[in-house]
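The structure is reproduced here in structure tokens:
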């Protein structure tokens, strides 16, 4: 199992179907478990995926339409039931605070986990940690909506042949990485630059600058593709993307692996979504189905 992957808990949009549950994603990123847009039924979908609710370290909600947040109460209550003691922040657009408060305290339960509000008041970094930074970027959906971008800091890749040539081995390797220099050996002499990996999450939006900013050089991106080409007018009217629009944006931005999800209930067959997306994007493409697991691609 990859230590960095996204699990598609549900792939429907406003209305779930027999084949697709309400939208929801879980990003496993080393020790971080980021639950994104938990739609209705998320707790059960996590169980089907073999993901304990306790794996959730933070939640990020793009906007407060029901298909992106109605699963929050069940997950919140499960965290307390499972005895989670660490804080679990929930990021959401600040203008939706009243809806968040209702979801956070939707019913009676023994509330012991520190699930706390972390409202997003504007674009920018909303969290920092060992994973790097989590950034919010404004999107165009008619209501305050943000996409999220997780960015790992750039680092150094150690070169075994250079380490051996300089006589650095064992515990000294760790000391060199931590301190940057060991005796007469500098870290730069035995390593090369390593670009940090990037994950992007783009939901419920028309094409806009925010889409491009989120997808720029992303290693893995999960993007809504609510409509097919024949319903582009509905996408524009309701603030969504077509599969071709999402794929073309990913191609322009240099996204390496693209996952399309959040599909309207009107489509039973996703062949058109895939064909239209592939016509605009020649990278690695996944038209997601419920419980798909997609790994972050290996570093270049």
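In the numbering used here, the protein residues as written are 4 to 303.
Using N, Cα and C, we set each Cβ at its ideal position, and we do this for glycine too.
Alpha carbon of residue i to alpha carbon of residue j, nearest angstrom
i, j, result
"residue 117", "residue 90", "5 Å"
"residue 4", "residue 93", "In this prediction, residue 4 has a pLDDT of 44, which is less than 50 and means its spatial position is unreliable; what the coordinates show is noted afterwards. Roughly 26 Å separates the two Cα atoms."
"residue 115", "residue 67", "24 Å"
"residue 293", "residue 195", "39 Å"
"residue 24", "residue 10", "13 Å"
"residue 232", "residue 111", "45 Å"
"residue 79", "residue 86", "11 Å"
"residue 278", "residue 177", "48 Å"
"residue 174", "residue 131", "28 Å"
"residue 70", "residue 211", "22 Å"
"residue 64", "residue 20", "22 Å"
"residue 26", "residue 88", "27 Å"
"residue 149", "residue 103", "15 Å"
C-beta contact flag for residue i and residue j at 7 Å
i, j, result
"residue 209", "residue 242", "yes"
"residue 218", "residue 264", "no"
"residue 123", "residue 139", "yes"
"residue 165", "residue 188", "no"
"residue 142", "residue 42", "no"
"residue 95", "residue 32", "no"
"residue 284", "residue 204", "no"
"residue 223", "residue 260", "yes"
"residue 215", "residue 256", "yes"
"residue 289", "residue 299", "no"
"residue 82", "residue 120", "no"
"residue 266", "residue 45", "no"
The alpha helix (DSSP H) enclosing residue i, as first and last residue numbers
i, result
"residue 1", "This structure gives no information on residue 1, because the portion of the chain shown stretches from 4 to 303."
"residue 174", "174-182"
"residue 77", "75-84"
"residue 235", "235-241"
"residue 213", "212-218"
"residue 247", "246-256"
"residue 290", "Premise fails: residue 290 lies in the beta strand (DSSP E), 287-290, not in any alpha helix (DSSP H)."
"residue 264", "From DSSP, residue 264 is part of no alpha helix (DSSP H) but of the beta strand (DSSP E) over 260-264."
"residue 100", "100-107"
Neighbour-count burial assignment, residue i, 16 or more Cβ in a 10 Å radius
i, result
"residue 282", "exposed"
"residue 61", "buried"
"residue 74", "buried"
"residue 287", "exposed"
"residue 18", "exposed"
"residue 276", "buried"
"residue 240", "exposed"
"residue 201", "buried"
"residue 225", "buried"
"residue 7", "buried"
Nonlocal neighbours in the same chain, by C-beta distance under 6 Å from residue i, ignoring five residues either side
i, result
"residue 128", "136, 138"
"residue 98", "147"
Other residues of its chain near residue i: CB distance less than 7 Å, five sequence neighbours each side excluded
i, result
"residue 144", "66, 207, 208, 242"
"residue 237", "230"
"residue 162", "193, 194, 195"
"residue 109", "76"
"residue 291", "11, 14, 262, 263, 264"
Residues near residue i in its chain [Cβ-Cβ closer than 8 Å; skip 5 each side]
i, result
"residue 29", "9, 10, 12, 36, 37, 38, 39, 49, 52, 54, 58, 59"
"residue 171", "179, 185, 188, 193"
"residue 3", "For residue 3 there is no data in the structure shown, the boundaries of the chain being 4 and 303."
"residue 245", "228, 229, 230, 231, 232, 234, 235, 238, 279"
Where the beta strand (DSSP E) containing residue i begins and where it ends
i, result
"residue 149", "149-154"
"residue 138", "135-141"
"residue 170", "Note, residue 170: premise wrong, no beta strand (DSSP E); not H, not E."
"residue 38", "35-39"
"residue 302", "It is not in any beta strand (DSSP E) - residue 302 carries neither H nor E in the DSSP assignment."
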